[in-house]
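Everything in the sequence shown is counted per the numbering used here, starting at 225 for the first residue and increasing by one. Take a look at the structure below.
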Amino acid sequence: SSSSAFDAGFDLEGRPSGGTLRVNLSGEAHSGELILFFVHGAGSSSATFGLLADRLRRVACVVAPDLRGHGDSSDDADGDMSIAELTEDCIQAWQEVASRRGVSMIEGGPKQLVLVGHSLGGAVVSRMAHDSRVQPHLAALVVVDVAEGTAIASLDVLTHVLQTWPTAFECEEDALEWSCKAGRPRSRAAAALSVPHLLRPCPDGLRWRTNLSASSSFWRGWFEGLSESFLTASPPKLLVVAGMDRLDAPMTAAHMQGVYELQVVAHFNGVGHFVHEDAPDEFTAVLLYFLRRHGVVPKEHAADVMVNAMETVRPRSRSSSFGQPSAPRGRSRSGSFDCHQQPSSRESSRSRSSTVSDASNDAAGVVAAAAAALQHHQRRHSATQREREQQQLLQLQPRVGQQQPPHPPEQPAQPAAPRGEQLRAAVAAAEAHAGAEHTA
Numbered sequence: 225s226s227s228s229a230f231d232a233g234f235d236l237e238g239r240p241s242g243g244t245l246r247v248n249l250s251g252e253a254h255s256g257e258l259i260l261f262f263v264h265g266a267g268s269s270s271a272t273f274g275l276l277a278d279r280l281r282r283v284a285c286v287v288a289p290d291l292r293g294h295g296d297s298s299d300d301a302d303g304d305m306s307i308a309e310l311t312e313d314c315i316q317a318w319q320e321v322a323s324r325r326g327v328s329m330i331e332g333g334p335k336q337l338v339l340v341g342h343s344l345g346g347a348v349v350s351r352m353a354h355d356s357r358v359q360p361h362l363a364a365l366v367v368v369d370v371a372e373g374t375a376i377a378s379l380d381v382l383t384h385v386l387q388t389w390p391t392a393f394e395c396e397e398d399a400l401e402w403s404c405k406a407g408r409p410r411s412r413a414a415a416a417l418s419v420p421h422l423l424r425p426c427p428d429g430l431r432w433r434t435n436l437s438a439s440s441s442f443w444r445g446w447f448e449g450l451s452e453s454f455l456t457a458s459p460p461k462l463l464v465v466a467g468m469d470r471l472d473a474p475m476t477a478a479h480m481q482g483v484y485e486l487q488v489v490a491h492f493n494g495v496g497h498f499v500h501e502d503a504p505d506e507f508t509a510v511l512l513y514f515l516r517r518h519g520v521v522p523k524e525h526a527a528d529v530m531v532n533a534m535e536t537v538r539p540r541s542r543s544s545s546f547g548q549p550s551a552p553r554g555r556s557r558s559g560s561f562d563c564h565q566q567p568s569s570r571e572s573s574r575s576r577s578s579t580v581s582d583a584s585n586d587a588a589g590v591v592a593a594a595a596a597a598l599q600h601h602q603r604r605h606s607a608t609q610r611e612r613e614q615q616q617l618l619q620l621q622p623r624v625g626q627q628q629p630p631h632p633p634e635q636p637a638q639p640a641a642p643r644g645e646q647l648r649a650a651v652a653a654a655e656a657h658a659g660a661e662h663t664a
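See below:
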């Protein structure tokens with residue numbers, strides 16, 4: 225079941241449409257009030273957020289329902305897969321979780337709900353943000369790799385794509401191999417956790433749990449009005465995409481006007497539509513920094529998780545704004561990142577956490593400083609760039625017969641500084657730079 229990726233869960237029964245809705249939880253024993261409510265996309269399940277749940281359980285209670293007809297939720301008798309019904313299911317799941325955790329439903333209380341939706345789930349949470357049962361408690365809204373215009377434009381292609389999918393697999397290993405090649409997701413570790421929950425046994429092996437083609441009459445309705453719902457939602461908003469080509473015209477214009485924040489995870493480095501599965505550490509750092517900057521997550525709760533994720537996040541260009549000072553009024557911030565596949569131990573993470581805490585009390589500022597400084601240490605020139613530099617050096621050499629100045633003796637190459645020293649140097653450089661800007 226999908227609940228194997230989480231600590232606990234329950235079945236929501238007695239719904240007007242019939243059937244049961246599976247709701248999975250991780251970090252349920254977390255003493256804080258924050259609730260991260262994740263909604264998956266079409267054909268997926270709550271297990272798609274299993275890697276994130278494992279990383280975020282120390283920060284908040286993570287909630288992830290299986291949409292009707294997906295995962296461990298049942299198929300409703302009426303077969304209604306409209307966006308209105310899917311949204312209502314998730315609102316009921318939120319109400320049940322709030323009741324179990326003793327969340328006060330009185331308006332004016334603390335805003336302790338963060339909605340995060342991937343693909344179809346992004347359309348669901350964008351509509352949830354306008355419901356009176358959710359809005360008073362909503363602290364932030366996060367949508368992952370979906371925009372109305374591009375989603376609707378791809379529906380015709382999706383019909384043909386589904387026809388190329390295998391209908392059955394002989395074993396689970398075959399399903400994992402196919403899913404990684406198809407980018408659903410690309411990460412083998414993520415696929416091993418999420419793909420088994422998308423299958424069901426049958427006489428000829430394993431078949432898909434959800435028949436996406438059967439819901440094709442609802443596809444367009446899922447995404448119509450998505451941009452308006454997202455852009456007009458009141459809380460701070462973040463859009464995380466795998467490429468700028470995901471944006472449609474309204475979302476691009478709104479981003480330029482500073483209506484929402486944008487983070488781009490570079491798809492050329494093995495990150496596709498399932499951003500949160502292909503780059504879970506990077507996604508965690510992006511999400512926590514966004515929540516930390518808006519005061520949703522206390523810095524003492526996010527510090528250790530952010531520093532741990534810092535090992536796997538590095539900016540790929542000077543235009544990246546992750547961890548940099550707030551953008552001017554009227555302009556939004558966007559970033560672009562590569563995934564650095566280098567796992568680190570928990571002990572070294574704690575050591576880095578203490579080092580960074582000594583350098584700065586603001587965990588987000590430390591991530592900013594380290595990310596900006598490590599960019600210079602990790603930049604590699606391509607073969608074309610090196611060749612161009614060599615040609616420029618040849619052109620600068622003095623002509624034959626001209627007196628050449630003596631060359632200074634070559635200095636021996638210095639070994640690379642340890643990681644901890646790089647981070648401390650990064651923090652010091654960032655603080656000095658910030659002080660100079662303040663003086664200016």
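A virtual CB, placed ideally from N, CA and C, is assigned to each residue, including glycine.
Whole-angstrom distance between residue j and residue i, CA atom to CA atom
i      : j      : result
Val489 : Phe234 : 33 Å
Ala363 : Pro460 : 7 Å
Thr456 : Leu339 : 15 Å
Val358 : Met468 : 30 Å
Gln336 : Thr388 : 43 Å
His361 : His421 : 31 Å
Gln319 : Ser356 : 12 Å
His264 : Leu291 : 8 Å
Leu463 : Gly345 : 13 Å
Ser437 : Glu485 : 33 Å
Gln487 : Asp380 : 27 Å
Gly496 : Ala509 : 18 Å
Ala353 : Ser458 : 8 Å
Leu275 : Pro334 : 28 Å
Ala415 : Ser269 : 12 Å
Gly326 : Leu280 : 21 Å
His342 : Asp428 : 31 Å
Thr374 : Gly445 : 14 Å
Cys395 : Leu245 : 27 Å
Leu310 : Asp398 : 31 Å
Ala503 : Tyr513 : 16 Å
First and last residue of the uninterrupted beta strand (DSSP E) at residue i
i      : result
Cys669 : Past the boundaries of the shown model lies residue 669; the chain is included only from 225 to 664, so the question cannot be answered.
Asp235 : 232-236
Leu417 : Premise fails: Leu417 lies in the alpha helix (DSSP H), 412-418, not in any beta strand (DSSP E).
Val464 : 461-465
According to DSSP, residues forming a beta bridge with residue i
i      : result
Ile259 : Cys285, Leu337
Arg431 : Ala392, Arg424
His342 : Val368
Leu362 : Leu337
Cβ-based burial, residue i [other Cβ within 10 Å; buried from 16]
i      : result
Met475 : buried
Met480 : exposed
Gly267 : buried
His384 : exposed
Ser323 : exposed
Ala413 : exposed
Pro409 : buried
Arg424 : exposed
Gly293 : buried
Asp369 : buried
Glu312 : buried
Arg516 : buried
Ser378 : exposed
Glu501 : buried
Asp302 : exposed
Ser441 : exposed
For residue i, the first and last residue of its enclosing alpha helix (DSSP H)
i      : result
Leu471 : Premise fails: Leu471 is in no alpha helix (DSSP H) and is neither H nor E.
Asp398 : 396-406
Val385 : 379-388
Leu450 : 450-455
Arg357 : That residue, Arg357, is in no alpha helix (DSSP H); it is neither H nor E in DSSP.
Phe447 : 443-447
Leu275 : 274-280
Coil, strand or helix - residue i by DSSP
i      : result
Gln481 : coil
Phe204 : Lying outside 225 to 664, the shown extent of the chain, residue 204 is not represented and no answer is given.
Ser328 : coil
Leu512 : helix
Leu291 : coil
Arg246 : strand
Pro240 : coil
Phe498 : coil
Asp299 : coil
Gly267 : coil
Val520 : coil
Ser437 : helix
Asp313 : helix
Met352 : helix
Gly251 : coil
Residue i CB to nearest heavy atom of the ligand FAD below 7 Å
i      : result
Trp318 : The model on display carries no ligand, and the ligand FAD is accordingly not part of it.
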